[in-house]
Amino acid sequence: MLTTADAIVIGAGIVGNATAYYLAKKGLSVIVLEASEYIGNGGSSRNGGGVRQSGRDPKELPLMVWGVKNIWPHLSEELGVDTEYKQKGNLRLGKTPAHMEKLKTLADNAIKCGVDVQMLTAEEVKKINPYLSDAVIGASWCPTDGHANPLTTTLGYYKAARALGADFVTGCPVKKIITEKGKVCGVETPEQKFYAPSVVVAAGFESNEILGTVGINIPMRKRVLQCLVTEAEPQMFEQMLGTAAADFYGHQTKHGSFVFGGHDGFEDDPVVINNDYPFSTGDFASCCSRGIMGYFPLLSNAKIVRTWSGYEDHSSDVVATVSKCDEVPGLYIECGFSGHGFGIGPAAAYNIAELIATGSCPADISPLRYDRFKSVI
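Here the numbering used here = 1-based position in the sequence shown + 23.
This is the structure in structure tokens:
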């Protein structure tokens with residue numbers, strides 16, 4: 024096991040694994056430290072699989088647009104796994120005039136950033152997806168959005184990073200970032216110390232506890248994320264779906280099952296088991312199913328085979344932090360993805376790896392700086 028490297032990455036979700044891969048691809052030695060016993064143990068391998076530009080805050084759009092153009096189209100070939108990436112568009116559905124106003128605002132923001140987003144009537148939506156309920160009065164449509172398989176993608180990055188020499192250590196929580204003369208020089212774990220001139224914190228909500236050891240804080244909170252999976256159904260549609268009401272989102276997978284996420288109103292007050300691990304409840308399954316059936320009556324008899332839950336790092340402005348840290352040279356931050364980090368994670372990882380290796384990066388990540396938050400008195 025290595026104890027000294029060019030870079031240390033904290034967290035083995037999709038962001039941490041991808042960062043390790045791109046650093047190793049640049050020829051840097053990398054140590055990845057994961058607190059749990061498993062790779063991809065958080066939301067990275069358990070989410071709705073969206074790879075979308077539409078519906079995002081304008082701060083995230085430059086990075087997300089870059090990732091859709093430069094990473095996702097060839098990722099399966101590069102990693103040697105089937106990420107199941109499909110670029111078949113994203114419908115964000117509306118049932119009321121207020122919904123359509125919200126979707127129009129999001130679409131206008133995306134259009135200003137160069138994203139192709141169109142507003143559709145009910146008739147136009149039905150031409151794309153004829154299975155929708157008549158309650159849908161319109162939608163926004165982004166033809167360059169898509170979806171992928173979170174599990175195969177997250178593990179694909181892990182395997183590719185390992186193949187390039189990255190060293191992964193699981194069951195190894197980081198307790199402290201070590202500095203020398205104000206600069207990063209490594210990290211401390213319960214068992215030993217690891218040394219590197221660059222440290223990337225990509226540990227989800229737990230990032231703040233680690234960052235706090237050098238006086239950095241990203242305003243965010245824990246929030247429960249839940250999803251359900253159905254039995255395989257006949258192929259119906261290939262688009263990624265979302266709604267203005269945020270009552271569900273998801274897609275139909277390659278083998279026919281549907282993966283849908285949603286809310287039950289208890290995201291900030293979860294039922295917990297096993298030392299604060301959130302428990303997926305029957306409330307969620309019934310609430311999410313009612314939402315789905317309101318848009319897709321044909322799925323009323325679809326059987327749910329499992330549900331899952333986990334925590335997301337929900338930032339105060341619902342926007343990711345992807346940034347180097349000026350106060351602590353050698354420190355890099357990737358967290359606060361607020362439940363939509365899967366699609367943007369590879370682009371975030373690539374650009375942080377480029378910053379470490381070369382001092383610059385191809386995408387504009389300045390809107391995602393760690394110090395953008397303002398104090399409110």
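Virtual Cβ for every residue (Gly too), placed ideally from N, Cα, C. None of these values were measured; they are calculated from a predicted model.
Using a Cβ-Cβ cutoff of less than 6 Å, which residues in the same chain neighbour residue i once the five nearest sequence positions on both sides are dropped?
i	result
A376	T42, Y45, L46
I54	L25, A28, I31, D190, F217
E254	K326, V328
S52	A28, D29
A183	Y44, L102
Are the beta-carbon atoms belonging to residue i and residue j less than 8 Å from one another?
i	j	result
V223	A386	no
S332	I388	no
Y393	S156	no
N374	L86	yes
G238	G34	no
C250	F281	no
K135	P390	no
G71	H274	yes
F173	S68	One detail in the question is off: residue 173 reads as Pro in this sequence, not Phe. Going by C-beta atoms, P173 is nearer than 8 Å to S68.
K109	H170	yes
E211	A58	no
D336	G359	yes
H122	A268	yes
K125	M142	no
L234	N240	yes
G209	A219	yes
Output needed for residue i: all residues of its chain with C-beta closer than 7 Å, excluding positions within five of it in sequence on either side, in chain order.
i	result
T175	V104, D105, T106, E107
L114	V148, I151, N152, A162, W164, Q262, L264
V38	A225, E357, G364, G368, A371, A372
G90	I367, P369, A370
F396	P242, S339
K49	A376, A380
Just to confirm, does residue i get its C-beta within under 7 Å of one of the non-hydrogen atoms of the ligand MG?
i	result
G368	By its list of ligands, the structure shown contains no ligand whatsoever, and the ligand MG lies outside what it can speak to.
Let me check one thing: in DSSP terms, what residues is residue i bridge-paired to?
i	result
V335	Sequence inspection shows Glu at residue 335; the Val mentioned does not correspond to that position. Answer by DSSP bridge pairing, in chain order: R246.
E211	K199, K216
S221	A30
K109	H170
Y355	V223, K347
D190	I54
M142	S163
V252	V282, R329
V74	G169
R115	S163, G265
To which residues of the same chain is residue i closer than 8 Å at the C-beta, ignoring the five residues directly before and after it?
i	result
V138	Q76, S77, L84, V88, C165, T167
L378	K347, Y355, C384
T236	K198, K199, I200
Q215	T26
I400	Because I400 sits at a pLDDT of 46, beneath the cut-off of 50, its placement in the model cannot be relied upon, and the point is left open.
Could you round the C-beta distance between residue i and residue j to whole angstroms and report it? I think they count as a contact, below 8 Å.
i	j	result
S361	S338	5 Å
G353	V207	3 Å
D80	V342	5 Å
T266	L116	5 Å
Counting pairs of beta carbons, one from the stretch 359-368 and one from the stretch 63-83, are three or more of them closer than 8 Å? When Cβ pairs closer than 8 Å are counted between the two stretches, the stretch 359-368 is seen to touch the stretch 63-83, the count reaching three or more.
Stretch pair the stretch 164-180 + the stretch 90-101: three plus CB contacts closer than 8 Å: As far as the Cβ criterion goes, the stretch 164-180 touches the stretch 90-101, which means the pair count is three or higher.
Is it a yes or a no for the stretch 160-175 touching the stretch 304-316, going by three-plus beta-carbon pairs under 8 Å? No: fewer than three Cβ pairs fall under 8 Å.
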